[in-house]
Structure formats: C-alpha cells, structure tokens
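Colleague: One structure, pasted below without further comment.
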Amino acid sequence: MKYLYYPGCSLEGTAVEYNISTRALFDALGIELVEIKDWTCCGASAAEAQSELLSIALPARNLAIAESMEESIEDILVPCSACYLNLRRAAEETRKDPELLAKVNKVLEPEGLELKGLKRVRHLLDVLSSDIGAIGLAEHINKTMDRYSVAPYYGCQCLRPYVVFDDPEAPTSMEPLILATGARIQDWHMATKCCGASLMNIKPEIAQEMVASILSGASGADAIVTVCPMCQMNLEGYQNQISRSAHKDLHCAILYLPQFLGLAMGIESRDLSLEMNLSNPSAFL
Amino acid sequence: MPSAEISLTINTQETEEDILGPLQEELSACIQCGTCTASCRNAQLMDFTPRRLWRLVLMGQTEEVFHSKTFALCSACYYCTLRCPRGLPLTDAMNTLKQLGAKKNVAEYRPNARFYGSFLESVRRHGRINEMEFMRRYFILMKNPAIPIKFTPLGIRLLRKGKISIFPDKSKTERPLDQFFQRVEELERQQ
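If you read the protein sequences in the order shown, they are chains A and B.
Numbered according to my numbering, the first sequence spans residues 1090 to 1374.
Numbered according to my numbering, the second sequence spans residues 52 to 242.
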C-alpha cells in the first residue's frame, strides 16, 4: 500500500515529532509514504482570513503537483488537520465550481501545473481508522498499554465542516485503535471542543482559558492523544502558565496518536521523538 | 453633529452596504434561531453574538459589524456551520468579514490582520512558513514589547529542542512564491 504524503510546514518545525512518528508508524505497518515534491504552505488559517482566491490556490498548488506524480496512488495522506481541511476544501470547491477551477489554473499555469481533480485528500486519522483499522493494527501490537487511560482529542478541522470518516460531534474513530493497544478510553466531554487554534497567538488569555477547560476535562487521564500539530502545541505549550492561572496542576502528557500507537508497536521512543514533546511524556518512557 | 458630517456618514454607509452585499445574499435565509450562538465556544466573549452579527449584516449595519469583536474571536471550529438548520456557510462568512476587516484596516481587527499578514509574507518569501521569521515580523508590526515577552518562555523551549532556529537553513526550504502571489492579486483585482 502507498500514499502520497503532504507533511505541511508545522511538521518540519514545531511538530517535527509528528512527522517522525508518522513515518515510523507507517514504516512499521509496511506502508510507503511518497512525499509530494516541492510542496508549499497550504495557507493555514491565514490565507482564508486575507484572500479567498489565495486560500484555494495555495492548497491547489500542492494538489496539482500531487497529480503530476505517481498516477497509481490516488490518496494524499495529511497528518495536520488545518492542512487537511485546506487541501480538501480546494479539491471540493474546484470540483463544484468550474469557474473557480479555471481561475486557480490560471494561477498555476506559468509553473506548468494544472489541477484536474484526480486525487483524494485523506486525514491521517481517516487512513488509520478506515484503511488499517483496529484489526490491521492489532497484529503489530507487541507491548500492552493496559496501565494507561487515554483521552482521545479530535479537535475541529479533521471532523468539520466536511463530514467524511466520523461523527462530527461525537467522534469515535480513535477508540478502536487505542483499545487495540490494551489502553482504556478516558470518559470525557472535551474531545471535539476547540483549542483556540491561532487565537493562542493573537488573544492568548482567551485561548489559554479554552485549553484550561480541555486539560481540566482530561483530569485522571495519563495522556491526551491528538491528531493535529496546532492542537498539540496549544495543549502542551502553555501548561505552566495555564496551571498557574487556574491555581491547580493541569499538567498532562500530550502525545500524537502515531507516537502512542508506535509505542504499543514496540517502536523505540527515540524513533518516535518523544523527547521533542513539550509536555512530559515520562510515564510512557 | 454638523450637517457636513451627517452627509459623509450617509455616503460611507451607502458604499459600505455594497461591501456586505454578497454576504447579505449568502445569509439571506437566516431565520435568527440562534443555533450558531449556542454552538459557539467564544460567544460569551463577543460583544455581539453570532446570531446578532448576522442580523446586523443583513440590516447593512456596516459600522457595528466591522467594529464588533465577534469575527476576530472566531477560531474556525465549524460548529455553527455544521449545525445551522439552513445550511449556511457561517464560518466562511466569518472569514469574509476577516478579509474585509483586514482590507478596511479596522482597528479592532488589526492584531489579527497583522498576524495573518506576517504569516503570509513569510509564505510568499519562502514557500513554507518560517515560524521564527513570521513571529518576529508580527512582533515588530505590533510595536508592543509585552507581546514577545509573553512568548519568550515557549520560544526558549522551542529553540532548546531545535524546533525553531534563529537562523534557519534557507537552502533547504526556499521555494519563493512571489509570482504566484502576484498572479492571485492580479486575478482578484480583475473581479
């Protein structure tokens, strides 16, 4: 099995461990990831706040490059939820609106690129839960995680607005994967509540309140597991400040889903870059 | 208020109604049920709730709309879009207001616009985001030393882990998009 792979900017910088652990996980599963060559930024949450055409054209550029690559691979795997939404929106909107497609192709043309709409954009969690699944994963599990209780955190943009692989309000796609490792699912109510996203940079007090409510909701869990670099950064990057303002200890290990599953598959923690996490993962070392 | 000023206000009001025109059309099926407000994680922090903001948009109350804190507080969680019983693209509508707020250089929205603008400037120059450069650009635009100070503890931890660097190796990531951005701007001007 092969997927085209769009890591996105965060996975080369602040979320480098998400890239390393995703690659390690798929390597162990015997699945090849073919990186889209010379990919560029998807626009994140910035382009949509500045220019509508730019917010479609930036991700479309990457889709067009993907189309010029291996014909036999239809799916583009995207680990970042914001990149996923942007690429997916570009694919869906240009499919619905030929005028927009023509305009986007005008932007792409001088680079020798053309978007035709040949590829499918898939979130990492979609691929893990739909294509591999708990059964596919189970044969690779060789270390029980039964002493851990894990809170699956889905965030927003892998679930909404495009309803593709899970219930957008009460998602469960992570549960069979986590249960396959022997771990317990923490019963909680914050799995789909926004972490504040880029508000953390513009209005930190407000976003930190949002994160505080998520961390409080996970109390008792050994880890919160995420599938998005923005969620991960917001949940783990400010735990000292948030604990201080909340007058209680809200520290919690935050792991990327591939890091957690990788541990259960017996992949060495350094090969999952656990030492790069900003929260304390020592309970898992 | 002197009469000259009144006529000026009326004039701006008229031209600015046009600004909201496409949005009014898009939202015309709104039944003011308030599901958007009830679904919004930040509604309690907004001066106008999302439902009220959409009503103001439909009524052409441009001043109130653009000077409200509402769209600057939207974190794009898409709950309102998901739940709207009329199927209206409400998060996209918030984005439209963000775009217009940036173009109009509205004071209330300036920090957001500067943040996103700094981000895109880094993307234009390098193709991929250079986090250190873009945050530096944002801090300079904001001219408020308290802002970078807030980010210092996190910045130091990221530097220590090697997740960001003060002098990134540009040869590895350089894919400038100047011409790409120019073409987008030209096509947008033609509209």
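The C-beta atom is built at its ideal place from N, Cα and C for all residues, glycine as well.
Note that this is a predicted model, so its numbers are computed, not measured.
By the three-class DSSP mapping on this structure, what secondary structure does residue 1315/A have?
Modeller: strand
Colleague: Measuring straight from C-alpha to C-alpha, what distance separates residue 242/B and residue 156/B?
Modeller: Taking the straight line from one Cα to the other gives about 21 Å.
Colleague: By a C-beta neighbour count over all protein chains shown, 10 Å radius and 16 as the cutoff for buried, is residue 218/B buried or exposed?
Modeller: exposed
Colleague: Residue range of the alpha helix (DSSP H) that residue 1336/A falls in?
Modeller: Note, residue 1336/A: premise wrong, no alpha helix (DSSP H); not H, not E.
Colleague: Mind listing the chain B neighbours of residue 1257/A? Cutoff is C-beta to C-beta under 7 Å, in chain order.
Modeller: 133
Colleague: So does the region 152-167 of chain B actually touch the region 1267-1286 of chain A, counting three or more Cβ pairs closer than 8 Å?
Modeller: no
Colleague: From which residue to which residue does the alpha helix (DSSP H) around residue 177/B run?
Modeller: 161-177
Colleague: Measure from the C-beta of residue 1199/A to each C-beta in chain B and report whether the shortest distance is under 9 Å.
Modeller: yes
Colleague: Hey, how far is the Cα of residue 1116/A from the Cα of residue 1102/A?
Modeller: 21 Å
Colleague: Go through the region 1159-1196 of chain A residue by residue and report every complete run of the beta strand (DSSP E) that reaches 3 residues or more, in order.
Modeller: 1164-1167
Colleague: Could you say if the region 1306-1314 of chain A and the region 1234-1247 of chain A meet the contact criterion of at least three C-beta pairs nearer than 8 Å?
Modeller: yes
Colleague: State yes or no: is the C-beta of residue 1213/A nearer than 8 Å to some heavy atom of the ligand GDP?
Modeller: The model on display carries no ligand, and the ligand GDP is accordingly not part of it.
Colleague: How big is the Cα-Cα spacing for residue 172/B and residue 185/B?
Modeller: Looking at the backbone, the Cα of residue 172/B and that of residue 185/B are separated by about 8 Å.
Colleague: Among 225/B, 85/B and 108/B, which one has its Cα closest to the Cα of residue 148/B?
Modeller: 108/B
Colleague: Starting from the Cα of residue 1107/A, find the closest Cα among 1333/A, 1321/A and 1328/A and give me that residue.
Modeller: 1321/A
Colleague: What first and last residue would you give for the alpha helix (DSSP H) that runs through residue 130/B?
Modeller: 130-134
Colleague: Suppose the cutoff is 6 Å on Cβ atoms and the five residues either side in sequence are ignored; what does the same chain contact list for residue 1292/A look like?
Modeller: none
Colleague: Does residue 1091/A come out as helix, strand or coil in the three-state DSSP assignment?
Modeller: The answer is strand: DSSP assigns residue 1091/A an E or B state.
Colleague: So if I threshold CB-CB distances at 8 Å, which residues from the region 1285-1302 of chain A count as touching chain B?
Modeller: Of all residues in the region 1285-1302 of chain A, the ones placed with a Cβ closer than 8 Å to any Cβ belonging to chain B are 1285, 1286, 1287, 1288, 1290, 1291, 1292, 1293, 1295, 1296 and 1299, in chain order.
Colleague: Under a Cβ-count criterion, where at least 16 other Cβ atoms within 10 Å of its own Cβ denotes burial, should residue 146/B be classed as buried or exposed?
Modeller: buried
Colleague: Please report the distance separating the alpha-carbon of residue 1362/A from that of residue 1277/A.
Modeller: Approximately 27 Å between the Cα atoms of the pair.
Colleague: Strictly below 8 Å CB to CB, what residues from chain A border residue 192/B?
Modeller: Here the premise fails: no neighbours, minimum Cβ distance about 12 Å.
Colleague: Determine whether the beta carbon atoms of residue 178/B and residue 1172/A lie at a separation below 9 Å.
Modeller: The answer is no: Cβ separation not under 9 Å.
Colleague: Nearest to residue 74/B by alpha carbon, out of 94/B, 112/B, 92/B and 86/B?
Modeller: 112/B
Colleague: Give the residues of chain B in contact with residue 1142/A, contact being defined as C-beta atoms less than 7 Å apart.
Modeller: By Cβ distance, chain B contributes 235, 238 and 239.
Colleague: So, helix, strand or coil for residue 1124/A, using DSSP?
Modeller: strand
Colleague: Within 10 angstroms of its Cβ, does residue 121/B collect 16 or more other Cβ (buried), or is it exposed?
Modeller: buried
Colleague: Compare the C-beta of residue 1329/A against all C-beta atoms of chain B and say whether one is closer than 9 Å.
Modeller: yes
Colleague: Please state whether the Cβ-Cβ distance between residue 238/B and residue 1196/A is less than 9 Å.
Modeller: yes
Colleague: With a threshold of 7 Å on Cβ separation, who are the neighbours of residue 65/B within its own chain once the five nearest residues in sequence on each side are excluded?
Modeller: Note on residue 65/B: pLDDT 48, under 50, position unreliable in the model; the coordinate value appears next. Here the set comprises nothing.
Colleague: Pair every Cβ in the region 1143-1154 of chain A with every Cβ in the region 180-197 of chain B, then say whether three or more of these pairs are closer than 8 Å.
Modeller: no
Colleague: Buried or exposed, going by whether 16 or more other CB atoms sit within 10 Å of the CB of residue 1215/A?
Modeller: buried
Colleague: Are there 16 or more other CB atoms within 10 angstroms of the CB of residue 1355/A, so buried, or fewer, so exposed?
Modeller: Counting the other Cβ atoms within 10 Å of the Cβ of residue 1355/A gives fewer than 16, which makes it exposed.
Colleague: Run down chain B in chain order and give the residues with a C-beta less than 7 Å from the C-beta of residue 1129/A.
Modeller: 178, 179, 226 and 228
Colleague: Against residue 1279/A, what residues of chain B qualify as contacts under a CB-to-CB distance less than 8 Å, listed in chain order?
Modeller: Near residue 1279/A there are no residues of chain B at all, since even the closest Cβ is about 11 Å away, more than 8 Å.
Colleague: Within 10 angstroms of the Cβ of residue 1374/A, are there 16 or more other Cβ atoms? Answer buried if so, exposed if not.
Modeller: By the neighbour-count rule (16 or more Cβ atoms within 10 Å), residue 1374/A is not buried but exposed.
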